[in-house]
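> Supplied in structure tokens, the structure appears directly below.
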Amino acid sequence: MRKKEFKNYLFILAGSVLLSLGVVWFLTPNQLLTGGTAGLSLLLHYVTPLTIGTIMIAINIPLLIVGVKYLGKMFAIRTVITLLLISVLIDTFMEVLHVKAFVLDTILASLFGGIFIGIGLALVIKGNSSAGGSTIIAKIVASKMEMKAGQVLLIIDSLIV
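Here this note's numbering is used: the first residue of the sequence shown is 1008, the next is one more, and so on.
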């Protein structure tokens, strides 16, 4: 494996761990949401017996199938790896850590959860990957319309949260 690709996977691993801990330590104990398909997965988890990881994978499979054309082969492969890693880590941390709320104040939990998830997602992106979901939708919409992917993401996140 080339050195650059190895570094990509280290960023993906570190980012996936931070993102997953942000969800498990701060969001789920306080029944909070985040944007994108992760937020939709959390919402469905709160009202069904399904695990967050299972829901994330189920939501993202059709998006990945459609999105491969727009993502490119290697980006799509890294995104699948990232999605599987995040899904497994969230479900494993939920089962193993049995976290009660670290922070009972909802505003602080939102802040710390956002910091962990934001840094985690930044590391995943630095690893030339994505967490799937709304990023795939944003890339598809941006390629079809005169919008930037960031604008599409903002709209999607606003609709979910």
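Glycine is no exception: its CB is placed at the ideal position from the N, C-alpha and C atoms.
Terminal residues of the continuous alpha helix (DSSP H) containing ALA1116?
Unbroken alpha helix (DSSP H) run through ALA1116: 1113 to 1133.
> Work out the CA separation of SER1023 and LEU1092 for me, nearest whole Å.
Those two C-alpha atoms are separated by around 7 angstroms.
> Assuming VAL1131 contacts THR1089 under a Cβ cut-off of 8 angstroms, what Cβ separation, rounded to an integer in Å, is found between them?
Confirmed, about 6 angstroms.
> Rounded to a whole number of angstroms, what is the C-alpha to C-alpha distance between MET1081 and LEU1166?
Distance between the alpha carbons of MET1081 and LEU1166: 30 angstroms.
> To the nearest angstrom, how far is the alpha carbon of ILE1114 from that of GLY1120?
So the alpha carbons of these two residues sit roughly 10 angstroms apart.
> In this structure, does DSSP put GLN1038 in helix, strand or coil?
Of the three classes helix, strand and coil, the one that applies to GLN1038 here is coil, per DSSP.
> Quick one, are the C-beta atoms of ASN1067 and THR1035 less than 8 angstroms apart?
No, they are not a contact pair.
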